[in-house]
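Asks: Everything in the sequence shown is counted per our numbering, starting at 2 for the first residue and increasing by one. C-beta atoms are modelled at their ideal positions from N, C-alpha and C, and glycine is treated no differently. Note that the structure is predicted; figures quoted are calculated from it, not measured. Sharing a structure, written as structure tokens. Questions coming.
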Amino acid sequence: MVDMPNPVRLGDLLVNAGAISEKQLQSALMEQQLTNLRLGEILIKNGFLTERQLAEALSSQLKLPMVTLARYRPMIEALRMVPENVARRLDLLPLAVLDNNRLFIAMADPLNIISIDEVRMLTGMEVDVGVAIPSEIRRDMDSFYSVRGNVDDAIVEIVDMSAAEEMRRDFDAAAEASVDDAPVVKLVNGLLDQAVRESASDLHIEPFEKSSRVRYRVDGNLFDALDFPRNLHPAVISRLKIMANMDISEKRRPQDGRILLKFQERKVDLRVSSLPTVFGEKMVMRVLDQASSAVGLERIGLLEEDRGLLDGIIGRTYGMMLVTGPTGSGKSTTLYSVLERINEPESNLITVEDPVEYMIPGINQVQINERAGLTFADALRSILRQDPDKIMVGEIRDTETAQLAVRAALTGHLVLSTLHTNDAPSAVIRLNDMGVAPFLISSSVIGVIAQRLVRKLCPACKEAFEPGPNVCREYGIPEGSRIYKAVGCEQCRWSGYKGRTAVFQMMSINDEIRRLIAEQAQAREIENAALRNGMRSLRDAGLLKVLEGVSSMEEVLQETTIN
């Protein structure tokens, strides 16, 4: 952050930056005398420059950071420091409360010293300024401040209403054309829209004794987005249940549902789960947004060598490939990426999933429904009568599914599936524990991938350094290597990280490993054989990401530790 420079004139600054010509400036100044519009507005209206060009010129000339609000989440504490009416009047957005009693704000016109002074007097804090595009500032105001305003409106709406009245109101509102104008509905819509815009993978709404909390999971970490009064919680949950076609009268049992949203001309799928807790129902929504997904072998983070190994495995006509890792490690994304690669017109490709997360044209995708009696095993048994060439089973959960998948792989089908194990060698042991005979495992499994997700360093603020000799020796890093560490800036919300990538452990099954599996060898023996065959550990695969400057040493060590 930098302090504001001495006042200068916008027109002179833009001419000096080469953004506009002197002739264009004079034309705009003459129009300003007649219209009383701001100079920047006139320049943009007449097409002399765009909003982004204006912001970039201001950022460059004033040595102020350029803030891309599409990738920025204002802190709730900052929004509370400046009321909405003040922010709109001054055309600025508070973004972060920093150390040393400083407030970071985004402005379209950072030359407006009067507005900066007003914020300083209002908050009692020193003010640091970033430059943002005016339309993005207004959009974020509408998004973040409206959510806070909808909370207040909804509180007023449900004052003195009994639980029965709330329920009847929600039923009636769902059938009325004016439902979108109801404060609770506007609040829920705002929360869902913000979750999608933040690229959140999950949205949590949690009841506590005196208040309820909304949290978003972004890049694997949960952060607080909003608190609202406890008496508003039942109305919010009822509205979400209506949207997800769930039973709003049932509050004692967990329920599952689905919401389909349209956000900025793209469809977003929300998988909804409710859970009764001491203070009410907790609701979690998994956000499945194909437009922002990382599906595709070129996008999931494969190293070139691993890519060649994977191509060799999925190029086989039969056999079983397993993807392993804990929940949330990106297994489904890897499988969908493989499906896109092997999806060919001459092949019959069928999947059985729970849920179907992404729709892929040309593939027959089956959604299991255990309530209706359609389990993984039932669906897989039916699929084998559908003349498939390639099959994807979302997850092997039980002995029957495991045995059916192995049988399919042995009878001329390429089978893809997932297991929950810590590393690749443990996958074959897990199949054995599930009741599959070792000789069947050794004959059917052709490859296993274990993976973890690590956060990527923010490219705007990551800082290079040379690790010490002890660190290099301990982790096998060449001495003199330059790696990067997380720092934190406004673009990554001071976390030092932005986005995630996967690290992979690729185990191709050769004759030696096949023999060890048939002999029921321990996982350690299988691992040693695979390492001799060129397999990397998850830790070593992660360290390659460190050497490439993609992630940090701390992040990789944390995520690749296997208990």
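Given this structure, state the Cα-to-Cα distance separating Q404 from E520, to the nearest angstrom.
Replies: Approximately 19 Å between the Cα atoms of the pair.
Asks: CA-CA distance, K332 and A451?
Replies: When rounded, the distance between both Cα atoms is 9 Å.
Asks: Are the beta-carbon atoms belonging to A406 and M322 less than 8 Å from one another?
Replies: Their beta carbons are not under 8 Å apart, which means A406 does not touch M322 by this criterion.
Asks: Per DSSP, which residues does L375 bridge with? Please list them.
Replies: DSSP lists N370 as partners of L375.
Asks: Have a look at L415 and L340 and give me their C-alpha separation to the nearest angstrom.
Replies: Each residue's Cα considered, the two are about 11 Å apart.
Asks: Just grab the DSSP bridge partners of Y485 for me.
Replies: DSSP, once it has assigned bridges, lists A465 as partnering Y485.
Asks: Taking DSSP as the reference, what is the three-state secondary structure of H205?
Replies: In the structure shown, H205 sits in a strand (DSSP, three-state: E or B).
Asks: Please say whether D92 and M108 have beta carbons closer to each other than 8 Å?
Replies: For M108 and D92, yes; Cβs fall inside 8 Å.
Asks: Around the Cβ of M284, are there at least 16 other Cβ atoms within 10 angstroms (buried) or fewer (exposed)?
Replies: Flag for M284 reads buried.
Asks: Select from L432, I106, L63, Q34 the residue whose C-alpha is nearest the C-alpha of M82.
Replies: If we check each option's Cα against that of M82, I106 comes out closest.
Asks: Once DSSP output is grouped into helix, strand and coil, what is the label at K242?
Replies: K242: helix per DSSP, three-state reduction.
Asks: Taking all protein chains shown into account, decide if M360 is buried (16 or more other Cβ within 10 angstroms of its Cβ) or exposed.
Replies: Under this definition M360 is an exposed residue.
Asks: Counting along the chain, where does the alpha helix (DSSP H) carrying S116 start and finish?
Replies: Here the alpha helix (DSSP H) through S116 covers 114 to 124.
Asks: Taking Cβ to Cβ, would you say G281 is nearer than 8 Å to P235?
Replies: Yes, they are a contact pair.
Asks: Distance, Cα to Cα, S552 vs V455?
Replies: If I take the Cα positions, the gap works out to 7 Å.
Asks: Quick one: grab the DSSP three-state call for E354.
Replies: Strand at E354.
Asks: If you drop the 5 nearest sequence neighbours on each side, which residues of the same chain put their C-beta closer than 7 Å to that of I314?
Replies: M322, I447, G448, S509, listed in sequence order.
Asks: Bridge partners of Q452, per DSSP?
Replies: BP columns for Q452 point to F505.
Asks: What are the complete alpha helix (DSSP H) segments, minimum 4 residues, inside the stretch 223 to 301?
Replies: Runs of the alpha helix (DSSP H) inside the stretch 223 to 301: 234 to 244.
Asks: Count the other CB atoms within 10 Å of the CB of E556; is the residue buried (16 or more) or exposed (fewer)?
Replies: Its Cβ being crowded by 16 or more others within 10 Å, E556 is buried.
Asks: Comparing C-alpha positions only, which one of G489, Q62, S200, S212 sits nearest to L223?
Replies: For the residues G489, Q62, S200, S212, the minimum Cα distance to L223 belongs to S200.
Asks: In this structure, does DSSP put V416 in helix, strand or coil?
Replies: Note: V416 maps to strand in three-state DSSP.
Asks: Less than 8 Å between the C-beta atoms of L204 and V288, yes or no?
Replies: Yes. Within cutoff.
Asks: How many Å lie between L417 and T352 at the Cα?
Replies: Each residue's alpha carbon lies about 9 Å from the other.
Asks: In terms of residues, what are the limits of the beta strand (DSSP E) holding D141?
Replies: Note, D141: premise wrong, no beta strand (DSSP E); alpha helix (DSSP H) at 135 to 141.
Asks: Going by DSSP in three states, E401 sits in which element: helix, strand or coil?
Replies: Correct three-state label for E401: helix.
Asks: Looking only at its own chain, which residues have a Cβ that is under 7 Å from the Cβ of I21, when we skip the five neighbours before and after it?
Replies: L15, L44, F49, L50, listed in sequence order.
Asks: Confirm, please, whether the CB-CB distance from S348 to V296 is below 8 Å.
Replies: In this structure, S348 does not lie closer than 8 Å to V296 by Cβ.
Asks: Tell me the DSSP secondary structure of E396 in three-state form.
Replies: E396: coil per DSSP, three-state reduction.
Asks: Buried or exposed: where does L94 fall if 16 or more other Cβ atoms within 10 Å of its Cβ makes it buried?
Replies: It is buried - the Cβ of L94 has at least 16 other Cβ atoms within 10 Å.
Asks: Whole beta strand (DSSP E) runs in the stretch 316 to 366 with 3 or more residues, listed along the chain?
Replies: Segments of the beta strand (DSSP E) lying fully in the stretch 316 to 366: 320 to 325, 350 to 354.
Asks: Going by DSSP, what residue range makes up the alpha helix (DSSP H) through A18?
Replies: Counting along the chain, the alpha helix (DSSP H) containing A18 begins and ends at 11 to 18.
Asks: Does DSSP put A109 in a helix, in a strand, or in coil?
Replies: Here A109 sits in coil by DSSP.
Asks: Which residue comes first and which comes last in the beta strand (DSSP E) that contains E127?
Replies: Counting along the chain, the beta strand (DSSP E) containing E127 begins and ends at 127 to 132.
Asks: Return yes when the Cβ of E358 is within less than 8 Å of the Cβ of V367, no when it is not.
Replies: For V367 and E358, no; Cβs fall outside 8 Å.
Asks: Going by the CB atoms, is the gap between A29 and Q62 shorter than 8 Å?
Replies: Not a contact, by the Cβ cut-off of 8 Å.
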